[in-house]
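Have a look at the structure below before the remarks.
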Amino acid sequence: MNGSPNGAETTEHRADIVIVGAGAAGAMAALAAHEQGATFVGLDQLPEFGGTAIVSGGGMSVAGSSMQAEKGIEDSPDRAFHDMVDEQSEADEEWARFYYERGAEQLFGWLRAQGVEFNTITLNEGDSVPRRHVPKGVGLGLMTRLWARHGELGLDDRWHQAMTARELIRERDRVVGVLADDTEGRQHEFRGQAVVFATGGFTGNHAMVVRHSPKLAAAGRVLAGGGVGAQGKGHNILLRHGAHLVNAENFVIYVYATPDYEDPAGERGLVCRGIENAIWVNSVGERFHNEFLNGGIYGAGALLKQDPPMCWAILDHEMSGRIDVADPRYRHGPEVLRERVWQLLSESPFIAGGRTLRELAENASIPPSAFERTVNDWNELLASGADRDPRTGRKLANLQPFVEPPFYAMQFLPLARKNQGGIRTDLRCRVLSAEGRPIPGLYAAGELCGFAGGHISGSRALEGIMLGGSLFSGRVAGAWAAHEVGRPPPGHLDAEEVLARAST
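This note's numbering puts the first residue of the sequence shown at 495, with every later residue one more than the last.
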């Protein structure tokens, strides 16, 4: 115990490296630091390990993996790099190149070696081939396995949960730790020779979302959809100490999100998966998009063009029985709490029901005649045996018609799910000032940094670069922080060789 300036006793925790944040990036930073022979002490504001990653879809964008080869998928780091950067100028091309060139070995291969099992590879918006690698148990399965790995290595007791970082500790212009409070208000000092911040994004903070993206806010109602811990506290701490924030107005926007009717502020949304058979209709009762393209590139763009920017996802009773709400209140581990989902469908004022299509339309204030025509045309199209929707190009194989009442209409609004911009770092994850100089002793990784570097994906993220970038940059940050405190240089995570090879 030490005395604090206000007279209260302060508990001190010491190790080579301090890690703030126990989500995807922080977990990887800890394991990487340990691999390099450094000790760490970690803290997180949430009561349990896992952060936002534990409720994520778990997929990561990887190119040229052994799993792709096993499935006969021809891919390469260069192909993935061009899929991401050729359509925009905002992506950080050095980080993108580094990530894809090293990802198959140092992300996918490394995770497999730690016991993470992968189930499938999916094709998503912007990808020319399937490359989103999904682990068994999705985000929960991934983070459960990483926590188990901590236990196997005897590292689990180095984490302090329910501990909120408040300020950096600096000595002689160098960052050497953080001040934090526990849930009882007691003060703690976490001290080391380097600090890794992995505190996540700010898309759980509605005020920050609308402040940083007035264009998105002006388009209509937007929901906050980040994890409960994604409040931007790490951003605010680092900005006070000279860090540089870039591309903060760019978010990954989810379309398949309905307002959380239990949120008193009316600001948060619920992400709803398992609705592959749904169709989307706008406020006049018409389909407007290929619902298969429901990601942040095409799906969000189509929704934001509607007036107003909202739509209704239409399902029948059987389809509704497969809804999976990505929120801990609607799940128990991998198990969907089905009764809780039915409660959502029956109680939310943002979800309408009806025994007939006309009744549904009237309850949702959708023009009934146009709506009935839209659904009947869709059912006839499925019955025709056509391979694709001639108007939108949507593939029709294995889709079900709307036949079993009651029918439901879920109001979908744009939801800011993930930050594509963040705190700027170099290729070793050292935090950079506005002048581009590293702040001594300070590292950052994960969604705090727009997944890597500040804006690895610019404004057009391929699905899986978010979690993948967070995991990878966490690994880079932990390894190079270990080098700063005297451990060997991590050549396997050195970007210079990758970039030099790419330039020849």
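Glycine included, every Cβ here is placed at the ideal spot set by N, Cα and C.
All figures in this text were calculated on a predicted structure; none of them were measured in a lab.
Asked: Contact under 8 Å by Cβ, L907 with P753; Found: yes
Asked: Continuous alpha helix (DSSP H) stretch holding P571: start and end; Found: P571 to V579
Asked: Close-in-space but distant-in-sequence residues of the same chain around S863 (CB under 6 Å, 5 per side omitted); Found: none
Asked: Nonlocal neighbours in the same chain, by C-beta distance under 7 Å from H811, ignoring five residues either side; Found: E898, P899 and P900
Asked: F865, enclosing alpha helix (DSSP H) - first and last residue; Found: P862 to A877
Asked: Own chain partners of L640 with C-beta closer than 6 Å, once the 5 adjacent residues on each side are dropped; Found: A521
Asked: Reduced DSSP secondary structure (H/G/I, E/B, other) of L926; Found: strand
Asked: Residue of V749, I817 and F865 minimising C-alpha distance to Y792; Found: V749
Asked: Own chain residues within Cβ distance below 7 Å of I548, not counting five before or after; Found: G633, L634 and M637
Asked: Closest by C-alpha distance to S707, when choosing among A955, R969, Q914 and R918; Found: Q914
Asked: Supposed contact pair A518 and V535 - C-beta distance, whole angstroms, cut 8 Å; Found: The Cβ separation is near 19 Å, so there is no contact.
Asked: Boundaries (first-last residue) of the beta strand (DSSP E) holding A688; Found: A688 to F691
Asked: Contacts around G551, its chain only, beta-carbon distance under 6 Å, and the 5 residues preceding and following it disregarded; Found: V632
Asked: Reference E866; option with closest CA among R781, F844, R924 and R680; Found: R781
Asked: The region 729-740 in contact with the region 816-834 per 3-pair CB rule at 8 Å; Found: no
Asked: Through-space distance from F575 to W806, alpha-carbon basis; Found: 35 Å
Asked: Inter-residue CB distance, A724 and T697 (contact presumed, cutoff 8 Å); Found: 5 Å
Asked: Inter-residue spacing [alpha-carbon to alpha-carbon] between W774 and V690; Found: 43 Å
Asked: CA-to-CA distance, T868 to L649, given in whole angstroms; Found: 57 Å
Asked: Same chain only: Cβ atoms within 6 Å of G952, ignoring 5 sequence neighbours per side; Found: Q582, E584 and A585
Asked: Whole-angstrom distance between L809 and L710, CA atom to CA atom; Found: 28 Å
Asked: Distance CB(G935)-CB(G916) smaller than 8 Å; Found: no
Asked: Buried or exposed (CB count within 10 angstroms, at least 16 for buried), S964; Found: buried
Asked: Candidates R668, S840, K630 and E941: closest to R931 by CA position; Found: R668
Asked: Coarse secondary structure for Q681, derived from DSSP in three states; Found: strand
Asked: P708 - containing alpha helix (DSSP H), residue span; Found: P708 to A712
Asked: Alpha-carbon spacing of A566 relative to G962, whole angstroms; Found: The residue asked about is misnamed: residue 566 is Gly in this sequence, not Ala. Rounded to the nearest angstrom, the two C-alpha atoms are 22 Å apart.
Asked: Residues near L787 by beta carbon distance below 7 Å, same chain, minus five either side; Found: E619 and G793
Asked: Selected residue, minimal CA-CA separation from K630, among M657, M554 and E678; Found: M554
Asked: Cα-Cα separation between N744 and A955, rounded to whole angstroms; Found: 10 Å
Asked: 3-residue-minimum beta strand (DSSP E) runs that sit fully inside the region 722-759, ordered along the chain; Found: 745-748 and 751-753
Asked: C-alpha gap between A607 and R643, whole angstroms; Found: 11 Å
Asked: Alpha carbon of V703 to alpha carbon of A910, nearest angstrom; Found: 7 Å
Asked: Spatial distance of I959 from E503 (CA atoms); Found: 43 Å
Asked: Given 8 Å, three or more beta-carbon pairs between the region 981-998 and the region 620-627; Found: no
Asked: C-beta contact flag for V579 and A563 at 8 Å; Found: no
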